[in-house]
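K.L.:
This structure is in structure tokens; I'll ask about it shortly.
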């Protein structure tokens with residue numbers, strides 16, 4: 032025989048169960064269904080502006096990467112000719128030497144406006160071949176070399192194949208042209224190679240000439 036306490040307990044559990052079901056139903060209705068998340072911008076989006084180093088001036092033999100947004104037929108890697116110009120479809124010949132990359136971008140974009148609405152042009156220097164130094168005298172391979180990775184006088188001597196037998200290693204000097212004229216910078220190979228007077232092992236600048244007597 033069921034007691035009053037047992038009946039009360041059964042009714043209490045039924046109420047709690049119904050309440051739990053109702054709460055679960057309401058929570059399911061109020062919980063927002065996750066929507067799909069938009070993917071990040073793809074390469075088809077308009078490219079962001081990139082900073083430029085306006086201290087660099089393009090020269091003959093430099094290799095330029097020219098990109099015109101959404102125009103693969105115009106975009107290309109191209110060297111600057113000996114006359115300082117490059118040639119592009121629709122644009123024709125453009126003077127590149129003597130300009131910064133930003134200046135060249137604007138020039139190309141202006142010429143493209145007759146064919147393309149709001150052309151977006153990016154010019155990057157892939158190879159710097161215009162900035163050179165000379166090394167003359169008693170080295171194995173005297174001549175003109177491209178400045179790459181900020182070479183020092185020691186780097187230049189190694190690049191030129193080292194000294195000949197009768198080279199005067201204590202009397203080497205660098206000729207540098209500046210706003211005030213030509214400067215002679217001494218370089219004592221014997222001292223520098225022994226870790227002395229390391230300030231003489233300067234980093235070369237475009238147009239420097241190393242003389243090895």
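In my numbering, the protein residues as written are 32 to 244.
All C-beta atoms in this analysis are idealised placements derived from N, C-alpha and C, irrespective of residue type, glycine included.
1) On the criterion of 16 or more Cβ atoms from any shown chain inside 10 Å, does residue 114 qualify as buried, or is it exposed?
2) Which residue wins for smallest C-alpha separation from residue 121, given the options 181, 147, 169, 157?
3) So, helix, strand or coil for residue 213, using DSSP?
4) Going by Cα to Cα distance, which pick from 155, 128, 87, 126 is closest to residue 99?
5) Could you check how far apart the C-beta atoms of residue 171 and residue 243 are, in whole angstroms? I think they sit under 8 angstroms.
6) How about residue 184 and residue 232: are their beta carbons less than 8 angstroms apart?
7) Identify the continuous alpha helix (DSSP H) that holds residue 89 and give its terminal residues.
8) Identify, in the order they occur along the chain, each residue of the same chain with its Cβ nearer than 6 angstroms to the Cβ of residue 151, setting aside the five sequence neighbours on each side.
9) For residue 127, count neighbouring Cβ atoms within 10 angstroms of its own Cβ and tell me buried if that reaches 16, exposed if not.
10) Exposed or buried, which one is residue 179 when buried takes at least 16 other CB atoms within 10 Å?
11) Could you pull out every unbroken beta strand (DSSP E) segment of at least 3 residues lying fully inside the segment 119–159, listed in chain order?
12) Could you work out which residue in 118, 169, 131, 203 is closest to residue 222 when comparing CA atoms only?
13) Please name the residue, chosen from 105, 237, 87, that lies closest to residue 133 on a Cα-to-Cα basis.
14) What is the DSSP secondary structure of residue 241, reduced to helix, strand or coil?
15) Sort out for me which residues DSSP pairs residue 110 with in a bridge.
16) By a C-beta neighbour count over all protein chains shown, 10 Å radius and 16 as the cutoff for buried, is residue 189 buried or exposed?
17) When DSSP labels each residue in this structure, what does residue 188 get in the three-state scheme?
18) Using the rule of at least 16 other Cβ atoms within 10 Å of the residue's Cβ for burial, across every protein chain shown, is residue 224 buried or exposed?
19) Taking 8 angstroms as the cut-off, decide whether the C-beta atoms of residue 89 and residue 130 are in contact.
20) With residue 157 and residue 106 assumed to form a contact (beta carbons below 8 angstroms), what rounded beta-carbon distance in angstroms separates them?
P.N.:
Inspection of the coordinates gives the following:
1) As a first step, residue 114 must be located in the chain shown, where it is residue number 83. So residue 114 counts as exposed.
2) To locate residue 121, count along the chain shown from 1; it is residue 90. It is 147 whose Cα lies nearest to the Cα of residue 121.
3) As a working note, residue 213 is residue 182 in the chain shown. In this structure, residue 213 counts as strand in the three-state DSSP scheme.
4) For this step, residue 99 is matched to residue 68 along the chain shown. Considering only alpha carbons, the answer is 155.
5) By one-based count along the chain shown, residue 171 stands at place 140. By one-based count along the chain shown, residue 243 stands at place 212. Their Cβ separation, rounded to whole angstroms, is 10 angstroms, which puts residue 171 and residue 243 out of contact at 8 angstroms.
6) Looking up residue 184 in the chain shown gives position 153. Looking up residue 232 in the chain shown gives position 201. In contact: residue 184 and residue 232 (Cβ atoms closer than 8 angstroms).
7) Within the chain shown, residue 89 is the residue found at index 58, counting from 1. No alpha helix (DSSP H) holds residue 89; DSSP gives it neither H nor E.
8) Working through the chain shown from its first residue, we reach residue 151 at position 120. Cβ neighbours of residue 151 beyond the five flanking positions: 100.
9) Position 96 of the chain shown holds residue 127. It is buried - the Cβ of residue 127 has at least 16 other Cβ atoms within 10 Å.
10) Working through the chain shown from its first residue, we reach residue 179 at position 148. By the 10 Å Cβ count, residue 179 comes out exposed.
11) 123–126, 152–158
12) Counted from its first residue, the chain shown places residue 222 at position 191. Taking only the C-alpha atoms, the option nearest residue 222 is 203.
13) As a working note, residue 133 is residue 102 in the chain shown. The candidate whose alpha carbon is nearest that of residue 133 is 87.
14) Locating residue 241 in the chain shown gives position 210, where the first residue counts as 1. Three-state result, residue 241: strand.
15) Working through the chain shown from its first residue, we reach residue 110 at position 79. DSSP lists 94 as partners of residue 110.
16) Residue 189 sits at position 158 when you count from the first residue of the chain shown. It counts as exposed.
17) Here the question's residue 188 lines up with position 157 in the chain shown. Helix.
18) Here residue 224 refers to the residue found at position 193 when the chain shown is read from its first residue. Exposed, by the Cβ-count rule.
19) Translated into the one-based positions of the chain shown, residue 89 becomes position 58. Translated into the one-based positions of the chain shown, residue 130 becomes position 99. Yes, the Cβ-Cβ distance between residue 89 and residue 130 is below 8 angstroms.
20) Position 126 of the chain shown holds residue 157. Position 75 of the chain shown holds residue 106. That belief does not hold up - the Cβ atoms of residue 157 and residue 106 are roughly 13 angstroms apart, past 8 angstroms.
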